[in-house]
Structure formats: structure tokens, C-alpha cells
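Heads up: the structure comes next, in C-alpha cells.
Residue numbers (UniProt numbering): 1 to 367.
Written out as C-alpha cells, the structure reads:
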């Protein structure tokens with residue numbers, strides 16, 4: 001018998017501590033159905049999209065489910081959309097997975113903030129898990145495995161979905177805001193690998209020099225302060241000095257707000273602007289005249305939407321990202337660990353993590 005702790009909710013509210021609960025249950029591995037798999041959490045990160053879901057920002061229906069084996073227990077929604085698990089038991093009919101494999105969920109909405117979970121192999125979902133690490137092949141760290149399906153996968157799709165013919169001679173550029181986000185930390189490394197240059201904007205902070213060094217070490221070509229980037233003269237005077245005869249083919253926005261105007265203004269002829277978030281809460285701004293003259297495209301991107309529309313796209317992307325890890329394209333990025341051990345209040349750990357999430361990427365590690 002294993003004890004299950006889960007961070008759950010039954011309603012949405014901006015007051016996050018008031019809606020998150022610590023729910024418990026039990027799972028008896030000997031009572032698994034022939035098509036069921038028991039997985040144990042190893043590491044589950046905290047992403048902004050997680051708390052926006054139970055804040056109600058996405059207006060999505062709450063996905064209620066049971067967290068143990070008691071069919072009469074009240075159903076709840078489980079927080080979290082990402083994490084790596086280890087297979088600890090499986091039913092007799094499960095042949096495609098092995099005990100000890102490190103796995104992530106293929107489909108979204110499962111709810112990963114829990115210590116144990118049961119996954120079923122069904123006709124509709126014959127491969128519900130993606131193996132990211134074999135026990136005998138230690139390719140990834142725990143941090144990398146637990147976060148592979150969101151940040152590096154988003155970076156890879158942003159890089160490959162919109163521009164199909166990158167110039168590998170170093171003349172193509174990407175301009176992005178939120179330069180010190182984890183998506184961008186992976187994007188810079190992917191772009192450098194394919195000889196595409198990147199210009200990143202970052203808000204000025206007391207440790208600016210440290211931020212600039214970290215991002216350039218990871219592959220960013222140029223890092224500029226957001227306060228300088230939003231100036232009208234940046235496009236007319238500074239940008240030409242930076243890119244020379246290069247082309248800005250892709251502009252990436254995860255914030256909304258003031259930087260978006262110059263993100264679009266920075267685009268070269270036939271460029272593409274992609275919004276994939278609105279963390280700053282502002283509008284996306286662009287000049288109709290600039291769009292008319294340059295004929296740039298405005299696109300939106302959401303990893304979850306892509307996965308729901310085509311689950312195989314997640315599988316393919318994770319495999320491509322794993323291949324980049326094998327090629328040692330990625331340098332280690334910094335994570336903060338919050339440790340959980342049996343008997344701790346899992347909900348309290350996640351609430352504390354959410355409150356401190358602006359200080360860096362947090363991964364809850366299960367001891």
C-alpha cells in the first residue's frame with residue numbers, strides 16, 4: 001500500500017492559498033487492473049500556466065478525477081501539468097513500459113502535483129506515457145527530465161514551426177522579450193546550435209551584469225535592457241548597428257505590453273511575430289503602417305493547444321529535444337529545489353513555491 005498526497009482544488013480563485021487543498025488517499029499496487037500502471041513522482045515543476053489555471057484565468061472547465069482506488073471518494077482536480085515519474089508497478093497486460101523507466105504524461109490535464117498516480121493504457125490512449133530516461137541510460141538530470149515537456153519543448157516548437165528555412169550562415173535573427181525566462185534560455189541554445197542569432201530584452205535589475213553574462217553564456221547574441229529597447233530610436237539607430245545586413249525573421253512575445261511595438265517594428269520584410277503568453281497583462285501593439293509595408297504575420301502559439309490537437313506532436317518534439325540533449329547542445333540551467341518527504345504537507349510546499357516563483361524555476365523533488 002502506498003500513500004498518496006495531492007495538491008487539489010474544486011473551484012478557481014485569485015486567492016490561490018484559499019483554493020488549494022492537500023488531499024490524501026491510498027493505492028494498493030496488488031489491486032492494479034491488468035492495463036494500469038502505477039507511477040511515483042520524482043520531480044514536478046511550478047509553471048505560470050499552472051497557477052493561472054486554478055486562478056481561473058484560462059476559463060477552462062475543472063477536470064475532476066479520483067486520486068486513489070476508491071470509486072466512492074469525492075473527485076477533485078489536481079494541480080500541475082508537468083513532471084517526471086518513475087514506473088513502480090504495472091498490470092499484467094502492460095508490455096510497452098518497464099519498471100524503473102522515467103516517464104512523462106503524453107496528454108495534458110492529468111494533474112502532476114501528487115506523489116503517486118495510476119495511468120491506464122486504453123484503446124483511445126495506447127501509449128499514455130513518454131519514456132524520457134531508461135534506468136540503464138542516464139541521459140538527463142532530474143531537473144531536465146521534469147521540465148522537458150514545457151520549456152525546452154516550447155522553445156523547440158517556436159524555433160521550428162514558423163520559420164522553415166533558417167539561414168545557417170548567421171544572417172538570421174530572432175528578437176524576444178522576457179529574455180531571462182526559461183523558454184528563452186533553451187531557445188538561445190537551440191538558435192546558437194543552428195547558427196541563428198538572438199537579441200533578448202530584459203528588464204533592468206540590480207544584478208543586470210550577472211543576467212547578461214548568464215544569457216550570453218547560454219547563447220544569446222545580444223542582451224539589451226527593456227528600457228532601452230522600447231525607445232523609438234532603438235529601431236532607427238541601435239538595431240541597424242546590431243544586425244548589420246542580417247534579417248529579423250522572428251519576434252517572440254510572452255508578455256504583451258510596451259515591448260511588443262518595437263518587437264514588431266524590428267521585423268524585417270515578411271517576418272513573423274508570435275505571441276505565446278501575456279504575463280505582463282498588456283495589449284499586443286503594432287503599427288498598421290509597418291505591417292502594410294513589411295507584410296509581417298501575427299501568430300499565436302500555445303503548447304497545450306498543439307498537444308490537444310495533435311498528441312503525436314508532443315511525442316515527436318520530446319524526442320527531438322532528447323536528441324539535442326544527446327548532442328550536448330544544452331548547458332545546465334539553474335533550478336531551485338523544494339524537497340518533499342512522506343508526511344509533509346504537499347500543498348504547503350507548492351503554495352510556498354508559487355509565492356517565490358519569480359525568483360527562478362522551482363522543481364518540487366520527492367524524496
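Every residue gets a Cβ at the ideal spot worked out from N, C-alpha and C, and that includes glycine.
Could you check how far apart the C-beta atoms of residue i and residue j are, in whole angstroms? I think they sit under 8 Å.
i, j, result
"residue 273", "residue 279", "The Cβ separation is near 17 Å, so there is no contact."
"residue 118", "residue 99", "Contact flag wrong, Cβ pair sits at about 15 Å."
"residue 108", "residue 55", "The pair is not a contact, with the Cβ atoms about 17 Å apart (cut-off 8 Å)."
"residue 354", "residue 102", "Not confirmed; about 25 Å, so no contact."
"residue 318", "residue 149", "6 Å"
"residue 140", "residue 132", "6 Å"
"residue 53", "residue 97", "The pair is not a contact, with the Cβ atoms about 28 Å apart (cut-off 8 Å)."
"residue 269", "residue 294", "5 Å"
Quick one, which of the options has its alpha-carbon nearest residue i's?
i, options, result
"residue 76", "61, 365 and 207", "61"
"residue 283", "256, 303 and 4", "256"
"residue 419", "42, 196, 219 and 177", "Since the first and last residues shown for the chain are 1 and 367, residue 419 lies out of range."
"residue 366", "340, 246 and 275", "340"
"residue 192", "213, 264 and 217", "217"
"residue 271", "296, 291 and 258", "296"
"residue 195", "173, 214, 93 and 212", "173"
"residue 197", "246, 39, 310 and 58", "246"
"residue 34", "133, 89 and 349", "89"
"residue 373", "71, 28, 224 and 314", "Missing from the structure shown is residue 373; the chain here goes from 1 to 367 and no further."
"residue 202", "188, 37 and 226", "226"
"residue 346", "47, 58 and 79", "79"
"residue 188", "156, 310 and 150", "156"
"residue 337", "110, 123, 311 and 361", "361"
"residue 158", "240, 299 and 348", "299"
"residue 281", "190, 269, 316 and 254", "254"
"residue 363", "335, 343 and 356", "335"
"residue 309", "106, 179, 47 and 214", "106"
"residue 276", "250, 289 and 291", "250"
"residue 125", "135, 110, 134 and 138", "110"
"residue 358", "65, 47 and 22", "47"
"residue 190", "343, 330 and 356", "330"
Within a Cβ cutoff of 6 Å, which residues of the same chain sit near residue i, ignoring the five residues on either side of it in sequence?
i, result
"residue 176", "184, 200 and 252"
"residue 154", "183 and 303"
"residue 152", "186 and 321"
"residue 25", "4, 67 and 68"
"residue 29", "38 and 89"
"residue 143", "335 and 363"
"residue 333", "185"
"residue 171", "246"
"residue 212", "223"
By Cβ distance below 8 Å, which residues in the same chain neighbour residue i in space, the five residues on each side in sequence not counted?
i, result
"residue 287", "261, 264 and 265"
"residue 351", "16, 17 and 20"
"residue 27", "1, 2, 4, 38, 68, 69, 116 and 118"
"residue 94", "34, 35, 36, 37 and 121"
"residue 32", "38, 89, 90, 91 and 118"
"residue 14", "55 and 56"
CB-CB under 7 Å to residue i, same chain, minus the five flanking residues each way: which ones, in chain order?
i, result
"residue 49", "81"
"residue 179", "200, 201, 202, 215, 220 and 223"
"residue 368", "With the chain running from 1 to 367 in the structure shown, residue 368 is simply not present."
- Secondary structure, beta strand (DSSP E): runs of 3+ residues fully inside the stretch 162-231: 172-176, 197-202 and 222-225
**Prompt:** Do the stretch 233-244 and the stretch 151-164 make contact, defined as three or more Cβ pairs closer than 8 Å?
**Reply:** no
Counting beta carbon pairs with one atom in the stretch 286-303 and one in the stretch 206-216, are three or more of them shorter than 8 Å?
no
Discussion item. Count Cβ pairs between the stretch 82-91 and the stretch 41-60 that sit closer than 8 Å; are there 3 or more?
Written reply: yes
Query - Any 3 or more C-beta pairs closer than 8 Å across the stretch 2-9 and the stretch 111-129 - result: yes
Worksheet item: Counting only runs that start and end within the stretch 266-321, where is the beta strand (DSSP E) found for 3 or more residues in a row?
Response: 272-275 and 297-300
Three or more C-beta pairs closer than 8 Å, one from the stretch 66-76 and one from the stretch 312-328: is that the case here?
no
Taking only runs of the alpha helix (DSSP H) that begin and end inside the stretch 44-71, which ones reach a length of at least 4 residues, in chain order?
48-55
Exercise for the section: Ignoring anything shorter than 3 residues or poking outside the stretch 319-347, list the beta strand (DSSP E) runs there in chain order. Expected result: 336-340
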